[in-house]
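Note that this note's numbering has the sequence shown beginning at 1, numbered continuously upward.
Don't be surprised by glycine CBs; every beta carbon is placed ideally from N, CA and C.
Fair warning: this is a prediction, and the values are worked out from it, not measured in the lab.
Comments concern the structure below.
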Amino acid sequence: MASLPYRRPSRQSSRQASRDTRDEIQVHQDHYIGIDVGTGSARACIIDAKGDIVGLASENIGLWQPQQGYYEQSTNDIWRCICVSVQRAISQHNVDPNTIRGIGFDATCSLAVFSNVTDEPVSVTGPNFDSDRNVILWLDHRPVEETEKINATKHNLLRYVGGKMSIEMEIPKVLWLKNNMPKELFDQCKFYDLADALTHIATGNEKRSFCSVVCKQGYVPVGVDGSVKGWQEDFLTEIGLEDLMEDNFKRMGGVDGVNGDYLSAGELVGTLCEKAASELGLPTGIAIGSGVIDAYAGWIGTVGAKVDLESEQLSSEVAKNDKTQAFSRLAAVAGTSTCHLAMSPNPVFVPGVWGPYRDTIQPGYWMAEGGQSATGELLKYVIETHPAFNQAISIAESYNANIYEYLNEHLKEMAHEQKAPSVSYLGRHVFFYGDLWGNRSPIADPNMKGSIVGMANDKTVDGLAIYYYATLEFIALQTKQIVETMNKAGHSITSIFMSGSQCQNDILVRLIASACDMPVLIPRYIHAAVCHGAAMLGAKAASADAEGKTEDLWEIMDRMSKPGKKVVPTDDETERALLNVKYKVFLEQCYKQLEYRKLVDETVISWKTGDT
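Pasting the structure below:
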């Protein structure tokens, strides 16, 4: 092809080119940090204005278990790990700290306790309450009696947490502290969800997020179902926490618009204060976005991706990606536990599913949150307690693989050697029910336990692999139970957007797709979808104008979300039929356990009262 003659650009086009160049430079200069505090680590993720991750680092955080069922952490330790992660991400990837425009936080829904006198951490470790540990982890199950007392009230508030308040929520933990702390110490306590505690440390102000107080602390937004102050005075009085009502609920964050300020995800909380900036190695004045619970950051980091359902890929070229599409997308954020989140334009009440919660992510919209208390932790327990664990881990290390990768390949080899039609066929006569840590959804019973039918005396790696497969199958079948329960109540879920470490498990992801009979979408940033979502909160905060108004979060998600891949259900009719039958057995195991416990409890009660 002949070359075209050179044309000198006009003065106007030169100015345009110069402007385009400046815009391109600006795109690469602006960065945002997402800080994710999970159960075991703090991670810092740096993204540019296009949403591409340009830096990522993590640091393990401390976890103390003073006795069975008690789990504690320290905000001092967590903040130290955050600082290490941010500094490492910046230095390792040569990011100029002066280009950071916004920071967003997410964290587990854990209770953080500080002094309302000194603003210093207050110990949650009884009986002396003299440790550095001021965080009761979400996983902590100490407030058994307190949770039972709360649920016995049958207060209207409980409609907004699936009918029962979970032992994993924060009000039962606050009540436990009141029942176990010296009164003079409890009277000095103020209470935060962990994400709010971190934004408080970063900015020094007391603004709270709707995501924290609505989801885990018994707050019903003003105007919803007759709520006047958000906090329910009659409820707190009935359960014995009337102390928290003093000074218009100041110790819980106050009353919105009176002596408190509650924000939806990513709205501007304030700017990075001098002390926090010095510790993070960042300049002061960086915009800080209202934080969210880690699972909600997973929702933000996954469901905004553009999807072509006719293709095997998530496509960045699909034009239509409006907010209404989120209503059919379930976010499954799978790590130590798995959370299942769905947004709806109107409230949908689902038995055993937390919510509906208004204003948490998008003002005026409602979120529902189902979940499995232990999935990653369950897999770890099942593998590590099997007699063949040490042999399996040794073999995995010889292949330079982790234990999950090795067991997945071993299952595929077993299927090949036995000429099995599918991996599912290998576990056809093993029926595992895995609520070892109780049931979050949809049974909402912390006393649920595990059971297995088909247990053999097989101590080999083959036996471990089958036991492991049965656990994967349980996770998939319980996901189906949660999705079915949500759809029967009024949701319209047709696809699952999965994030978290379990996305790497190809057998599990395919099982979830096949069991639920819907596609599972995996984000590009498998390891960092939650962090990525948190960074978008920083981008939203940085968009604030002079009046503090910020860009719509969905628009940011639409712009910054990245295409990934789609996993479709099996097309093997035999495998589909097998999973359908296994689901029937799964449901029987679930509900029979409730029936068996009731029979035994009735007998024990009769025996104690002398009626037998």
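Within 8 Å, strictly: CB atoms of F474 and G434: In this structure, G434 lies closer than 8 Å to F474 by Cβ.
Identity of the residues DSSP links to T338 by a beta bridge: Looking at the DSSP output, T338 sits in a beta bridge with A334 and Q372.
Close Cβ partners of I78 (< 7 Å) along its chain, the five nearest in sequence each way excluded: In the same chain as I78, and ignoring 5 residues on each side of it, the C-beta atoms closer than 7 Å to its own belong to V37, A42 and I61, in chain order.
Candidates H155, N128 and L194: closest to P182 by CA position: With distances taken between Cα atoms, P182 lies closest to N128.
Assumed close pair T199, S290 - CB separation to whole angstroms, cut-off 8 Å: 7 Å
Option in K275, S209, M252 and E484 with minimal Cα separation from L236: M252
T203 beta carbon less than 8 Å from that of L272: yes
Coil, strand or helix - M560 by DSSP: helix
Per-residue DSSP class, three states only, for M181: coil
Per DSSP, cross-strand counterpart(s) of V483: Per DSSP, none; premise fails for V483.
N- and C-terminal bounds of the beta strand (DSSP E) containing A44: From DSSP, the beta strand (DSSP E) with A44 extends over S41 to D48.
Buried or exposed (CB count within 10 angstroms, at least 16 for buried), S499: buried
CA nearest to the CA of G264, picked from K540, T603, K582 and V581: Residue identity check: residue 264 is Ser in the sequence provided, not Gly. Comparing Cα-Cα distances from S264 to each of K540, T603, K582 and V581, the minimum goes to K540.
Cα-Cα separation, N505 to I522: Going by the C-alpha atoms only, they are around 11 Å apart.
Local conformation of E602 per DSSP, three classes: helix
DSSP bridge partner residues for K149 (one or two, in chain order): K149 pairs with nothing; no bridge assigned.
Reduced DSSP secondary structure (H/G/I, E/B, other) of R159: If DSSP states are grouped into helix, strand and coil, R159 belongs with the helices.
Short Cβ contact (8 Å threshold) for V214 with L111: no
Through-space distance from E72 to A305, alpha-carbon basis: The alpha-carbon of A305 is positioned some 35 Å away from that of E72.
Beta-carbon gap between A342 and I443 smaller than 8 Å: no
Range covered by the beta strand (DSSP E) that runs through W138: No beta strand (DSSP E) holds W138; DSSP gives it neither H nor E.
Classification of L464 by the beta-carbon crowding that lies within 10 angstroms, buried from 16 upward: With 16 or more Cβ atoms within 10 Å of its Cβ, L464 is classed as buried.
G496 - partner residues in DSSP beta bridges: Checking the sequence, you will find Ile at residue 496 rather than Gly. DSSP lists L330 and V520 as partners of I496.
Spatially closest choice to Q613 from G126, S424 and W138, by CA coordinates: It is not possible to answer for residue 613, since the shown part of the chain is limited to 1 through 612.
R133 versus L194: straight-line alpha-carbon distance, rounded: CA-CA distance, R133 to L194, rounds to 13 Å.
Inter-residue Cα distance where the pair is Y192 and T338: 23 Å
contact_flag[the stretch 406-425, the stretch 476-484] where n(CB pairs < 8 Å) is 3 or more: no
Sub-8 Å separation of N205 and V303 beta-carbons: Their beta carbons are not under 8 Å apart, which means N205 does not touch V303 by this criterion.
Identified DSSP bridge partners for F114: P121 and K190
Reduced DSSP secondary structure (H/G/I, E/B, other) of I103: strand
Delimiting residues of the beta strand (DSSP E) encompassing V54: I53 to N60
Within 8 Å, strictly: CB atoms of V255 and G223: no
Boundaries of the beta strand (DSSP E) in which A287 is found, first to last residue: A287 to I293
Presumed contact (8 Å Cβ cut-off) between V350 and T570, rounded CB distance: Actually they do not touch by this definition, with Cβ atoms about 28 Å apart.
W366 burial status per 10 Å Cβ neighbour count (16 or more: buried): buried
Per DSSP, the bridge partner or partners of I452: F432
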